[in-house]
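**Q**
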Amino acid sequence: MTITRHCALVLLCVCAVARGEAVFTDVTAEAGIDFRHFDGRNGQYHFIETLGSGVAWIDYDGDGDDDLYFVNGARLYDTPPGPAPTNALYRNDGDGTFTDVTASAGVGHAGYGHGACVGDVDGDGDLDLYVTNYGPNALYRNDGDGSFTDITTAAGVGDDAWGASCAFADYDLDGDLDLYVVNYVTYDPENEPPCQVDGIRVHCTPKRFRGAADVLYRNSGDGAFEDVSEAAGIANTGGKGLGVCWGDYDGDGYPDAYVANDTVENYLYRNAGDGSFTEEAFMVGAALSEHGEMESGMGVDWGDYDNDGLPDLIVTNFQEQVATLYHNDGGGFFTDVSYPSGTGVHTFSTLGWSAVFFDYDHDGLKDLFVANGHIYPNAHEVDHTASYEQPNHLFQGMGHGAFEDISERVGLSGRESSRGAAVADYDLDGDLDIVVTNSNGPARLLRNDGGNAGGWIQVAPPLRLAVGTRVEVGTGDITQSAVVKGGQGYMSQGSLIAHFGVGAAEVIDLLRVTFPDGSVVVREDVAVNQRIGVSP
Amino acid sequence: MTAPTGTLHMSAHATSRPLVHLARALTVACVLLCLGAADAGTRRALSRAEIALRQKDYAEAHRSIDEAIARSPLHTPAHVQLGILYLRQGELREAAASLTRATELDPDSFSARYHLGLALLRLGDLDAAHAAFSRAVRLAVRQKAEHPLAFYHLGMTLSRLERYDEAADAFRSAVDLDADMPSPYYQWANVELRRGNREDGRVLLARFRSVKAQKRIRQAISRARQGNSDRALQLLERALEMDREHPSAFHVLALLAFAEGRWDDAARHARHYVTLRPGADDMQVILGAALRRVGEAGAAMRALTSAIQGAADHPETRYELGEAFLLADDAENAALSLRQAGAKDPTFYQAAYRLGAVLLDLDRPAQAAGVLRGAIARYPREQAPSDDMLYGGNVPRLVRAAMPAPTLEECRLALSDALKHAAMQDEARP
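Protein chains in written order, with the numbering used here: chain A, 229 to 764; chain B, 445 to 874.
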């Protein structure tokens with residue numbers, strides 16, 4: 229049965245390639261990536277085991293290709309003794325393979341890790357790394373020689389609540405990167421209640437725990453950060469945050485933060501521009517499902533999928549909720565278009581985590597990848613329609629706000645319990661590849677084969693200024709836009725190079741790059757199929 | 445001659461043709477009726493489908509509905525059921541097709557129109573969805589059936605069509621039919637905000653939060669009554685996540701904590717409640733009773749006095765005030781309060797027993813013996829505890845249930861002790 233199914237899938241992929249369509253090929257092993265997530269499970273159903281961890285693309289050595297950083301769990305107090313799992317950094321060797329350089333780079337954090345985000349916090353031109361943990365988080369300064377130094381204490385960013393996702397942005401537009409850390413709930417694995425569903429022992433849900441307040445660190449510009457959560461108005465203990473992503477939804481030039489909260493309402497912090505934020509999610513229609521239900525927010529990404537110049541939102545949720553696609557209507561309002569867009573019917577039956585907008589096939593329309601997997605390893609015992617391992621989704625943007633599920637067609641029908649995901653053109657062939665982490669399982673590197681058939685352009689801002697840079701690409705009547713993000717999806721980080729597919733266009737009519745400091749660079753008649761560096 | 449015959453013949457022929465038509469029509473109608481009517485087998489198949497749907501066994505649901513349709517191809521409910529099954533499975537086009545078929549078979553089927561509207565709305569065919577929901581709403585009104593959800597989804601569709609005035613009317617109708625359904629408030633608020641009515645939007649959002657919280661509070665009360673206080677507490681916390689200052693949540697939290705003897709929590713929640721609802725005299729009783737149990741005599745006396753001055757001058761309040769006086773080493777006032785408690789309810793044997801003890805301490809054994817005799821005389825034959833740990837929200841009963849309940853034997857021993865002391869006092873008297 230499995231063999232038959234496998235053959236059918238291979239046939240599907242072969243047919244897709246024959247039709248000239250892009251497919252994703254699992255190249256994890258041949259790329260030399262052997263990272264395996266460890267959640268410490270030992271049959272005791274600890275709540276912490278359900279979250280998994282994220283992954284970050286980080287060009288740590290500044291050689292132009294993205295390297296990979298995986299975050300790992302750890303042994304719990306009652307996990308039988310054994311080797312201590314650590315986070316891992318894989319250097320991209322530029323030939324399609326990677327080398328584990330964790331030890332020499334000094335980033336093998338052994339805490340119970342979850343998320344990672346990347347940005348140049350000290351403005352020295354190389355990328356630094358922030359890691360969230362159950363326990364104190366860590367900030368690694370890139371020393372520029374292939375190694376990092378843990379500067380958590382000096383920088384004052386070692387928040388010790390249960391950190392999930394993190395995201396850099398220069399929210400106060402003072403020229404340096406600030407940091408939003410999403411905290412989940414207050415929790416102690418040594419003192420948690422036993423939970424059941426219909427008499428079956430399962431992991432608890434966050435409903436059993438109190439929310440933990442998020443933290444906003446303002447970069448003082450002198451190597452230290454200041455916790456401004458209270459003053460900024462984001463220290464809200466009602467949240468049970470898992471995902472965060474910065475995006476300027478109202479186009480006022482100040483980045484706003486969207487926080488995906490688990491089982492409680494989501495938050496949209498509108499940046500007032502004076503250092504404070506107001507929580508607007510309820511007022512703009514982006515806090516709940518279309519019917520006013522609180523959902524289990526996991527991951528979040530901003531992306532202008534309909535090329536109207538306004539960033540839209542995808543928020544992943546639990547099974548039998550849908551991954552909510554909020555269309556940015558302009559005027560400060562969002563509409564839940566999950567069903568009309570075609571994503572709702574497919575995401576209803578899966579439990580989503582990381583979500584990423586990206587144009588996999590270079591047709592000029594953003595597609596959507598969603599990593600899926602249940603939280604209960606015994607999900608099928610609780611609900612016969614559920615399973616721990618689930619296929620991930622790739623939704624192809626069809627234009628006019630519609631998406632089509634093409635997961636099987638592009639070779640994404642394998643079932644694992646995925647969590648983190650992020651995209652980058654790691655092999656520099658002009659199309660975007662995907663890396664996925666799996667809960668208590670091996671990570672997967674999925675190479676995009678054939679995505680580069682259409683035209684493309686990659687815009688590389690200086691690393692110092694990359695996060696928050698907005699890029700607009702005009703071809704014919706279409707203007708696409710994207711912002712380089714310092715953290716997105718679920719606990720993950722994508723490439724800091726803006727990437728656009730432009731279909732059959734032979735030239736970019738207009739390229740407009742707006743840097744976080746407000747400076748703008750405009751170029752006309754730019755050749756396609758190239759990566760260009762743009763500096764203010 | 446022939447003409448009349450012919451005429452007659454013609455006439456007979458003319459008469460027989462409509463009859464034949466009528467007979468044919470009746471036959472067709474009969475066949476249609478037979479095919480459209482559900483026989484027992486069809487009904488059984490649809491019941492099985494309904495159960496399978498509930499159990500998410502879609503394959504079985506499909507089989508059963510197919511069987512029902514095979515038996516009665518014109519039976520509208522079978523096609524509606526098939527449409528609902530497709531809706532559940534996310535096969536929206538198939539759902540729309542089945543439900544359209546159902547509306548053709550029975551243009552007056554509310555369920556067919558309503559579910560067709562759902563399928564079309566999800567497909568993003570707003571005009572068609574609008575037509576379906578409008579018809580569903582008209583049918584509901586005509587059939588004098590209350591279908592707030594039809595109005596709600598009509599409002600959703602109108603809102604998507606940016607016909608905000610009509611959308612607001614539809615949401616208002618939904619709320620008029622079911623004020624406890626939260627969703628219409630949420631969408632209505634959204635419509636008002638989009639129309640620039642920020643204040644109305646805020647008020648509706650607050651109402652949405654409150655209704656949503658209230659729903660959870662009701663669930664919590666129900667769980668508490670079933671003895672599942674853990675689940676009740678979770679639901680109350682969830683209610684507060686939606687509406688952080690919902691008074692009813694604090695009310696139930698205080699009662700639940702009191703019932704479980706978590707005095708600190710009870711005092712905290714009761715204090716929060718009386719801050720939100722200053723005239724809540726019964727909650728002052730809970731507050732006072734909880735505070736005196738954690739040793740805060742002064743604050744307890746203030747709360748209980750406030751309750752007595754208000755509308756909560758219950759025997760139990762007096763009893764608790766007596767205990768608070770005792771905590772403050774004021775036995776005289778304690779005795780007074782306990783006596784007042786007994787006076788208000790002569791069957792209040794706990795108050796009598798406690799008063800007896802206080803009087804003994806005050807060296808008034810004869811008075812104590814009299815009071816204790818009363819306690820024994822009125823000792824209840826059977827004490828049936830309530831199944832509901834919250835006593836239906838009846839504060840005096842809840843407070844009384846938290847009081848120590850001396851056994852009859854203990855009452856007799858206390859009386860014997862009082863009588864001994866009284867006798868000794870008599871002997872000592874010159």
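All C-beta atoms in this analysis are idealised placements derived from N, C-alpha and C, irrespective of residue type, glycine included.
1. To which residues does DSSP link A/V699 through a beta bridge?
2. Could you compute how far the alpha carbon of A/P421 sits from the alpha carbon of A/H602?
3. I think A/V651 touches A/L660, with their Cβ atoms under 8 Å apart; what is that distance to the nearest whole Å?
4. Give the list of continuous alpha helix (DSSP H) stretches no shorter than 4 residues that lie fully inside the region 628–673 of chain B.
5. Any idea if B/H716 is buried or exposed, counting beta-carbon neighbours within 10 angstroms, 16 or more meaning buried?
6. According to DSSP, simplified to helix, strand and coil, what is B/C855?
7. Given that a residue counts as buried once 16 or more other Cβ atoms are within 10 Å of its Cβ, and exposed if not, what is B/P850?
8. Distance, Cα to Cα, A/Y305 vs A/T414?
9. Just how far apart, CA to CA, sit B/L834 and B/R825?
10. Return the chain-ordered ranges of every alpha helix (DSSP H) run that is complete within the region 665–733 of chain B and spans a minimum of 4 residues.
11. Would you say the region 314–332 of chain A touches the region 271–278 of chain A, given that touching needs at least three Cβ pairs under 8 Å?
12. Report all residues from its chain with a CB closer than 7 Å to the CB of A/G731; omit the five preceding and five following residues, and keep chain order.
13. Based on Cα-Cα distance, which residue from A/L470, A/T433, A/V735 lies nearest to A/H274?
14. By the criterion of Cβ-Cβ separation under 7 Å, what are the contact partners of A/M431 in chain B?
15. Kindly confirm or deny that the region 653–661 of chain B and the region 672–683 of chain B touch, where touching means at least three C-beta pairs closer than 8 Å.
16. Looking at A/G714 and A/F396, is the spacing between their C-beta atoms short of 7 Å?
17. Given this structure, state the Cα-to-Cα distance separating A/L240 from A/L622, to the nearest angstrom.
18. Identify each residue in the region 619–653 of chain B for which the Cβ-Cβ distance to at least one residue of chain A is less than 9 Å, and report them in chain order.
19. For the region 615–630 of chain A, list every residue whose C-beta sits within 9 Å of some C-beta in chain B, in sequence order.
20. Between which two residues does the alpha helix (DSSP H) holding A/A173 run?
21. Contact defined as beta carbons within less than 8 Å: I believe B/V846 pairs with B/A819. What is the distance between those atoms, to the nearest angstrom?
22. By alpha-carbon positions, which one of A/F252, A/G282, A/N489, A/V543 ends up nearest to A/R264?
23. Whole angstroms is fine: what's the gap from B/V581's alpha carbon to B/L549's?
24. What are the boundary residues of the beta strand (DSSP E) that includes A/E752?
25. Which stretch, first to last residue, makes up the alpha helix (DSSP H) that contains B/E760?
26. What separation, rounded to the nearest whole angstrom, lies between the Cα atoms of B/Y530 and B/L536?
27. Counting pairs of beta carbons, one from the region 486–496 of chain A and one from the region 464–478 of chain A, are three or more of them closer than 8 Å?
28. For B/R566, decide whether its Cβ has a neighbour in chain A, counting only Cβ atoms nearer than 7 Å.
29. With a threshold of 7 Å between beta-carbons, can B/K500 be considered close to chain A, or not?
30. Pair every Cβ in the region 482–499 of chain B with every Cβ in the region 517–529 of chain B, then say whether three or more of these pairs are closer than 8 Å.
31. Whose Cβ in chain A lies nearer than 9 Å to the Cβ of B/R682?
32. Determine the closest residue to A/V754 out of A/V741, A/E523, A/D745, with distance taken between C-alpha atoms.
33. Where does B/T486 sit, in a helix, a strand or coil, going by DSSP?
34. Using a cut-off of 7 Å between C-beta atoms, extract the partners of A/T613 located in chain B.
35. Could you list the residues in the region 534–549 of chain A with a C-beta less than 9 Å from some C-beta on chain B, going in chain order?
36. Can you tell me whether DSSP reads A/G560 as helix, strand or coil?
**A** On the basis of the supplied data:
1. A/A710, A/V741
2. 20 Å
3. 4 Å
4. 642–669
5. buried
6. helix
7. buried
8. 17 Å
9. 23 Å
10. 673–686, 691–703, 707–720
11. no
12. H590, D591, G592, G682, G683
13. A/T433
14. Strictly speaking, residue 431 of chain A in this sequence is His, with Met absent from that position. What A/H431 touches in chain B: nothing, since even the nearest Cβ is about 16 Å away.
15. yes
16. yes
17. With a pLDDT of 48 at A/L240, under the threshold of 50, the modelled position of that residue is not reliable, and the figure given next carries that caveat. The alpha-carbon atoms of A/L240 and A/L622 are separated by roughly 15 Å.
18. P626, S627, P628, Y629, Y630, Q631, A633, N634, L637, R638, R642, G645, R646, L649, F652, R653
19. G629, A630
20. Past the edges of chain A, shown from 229 to 764, lies residue 173 of chain A, and the structure says nothing about it.
21. Going by the sequence as given, residue 846 of chain B is Ala instead of Val. With 8 Å as the limit, B/A846 and B/A819 do not qualify as a contact, their Cβ atoms being about 19 Å apart.
22. A/G282
23. 19 Å
24. 748–755
25. 759–771
26. 6 Å
27. yes
28. yes
29. yes
30. yes
31. K435, T491, V492, M522
32. A/V741
33. helix
34. K500
35. none
36. coil
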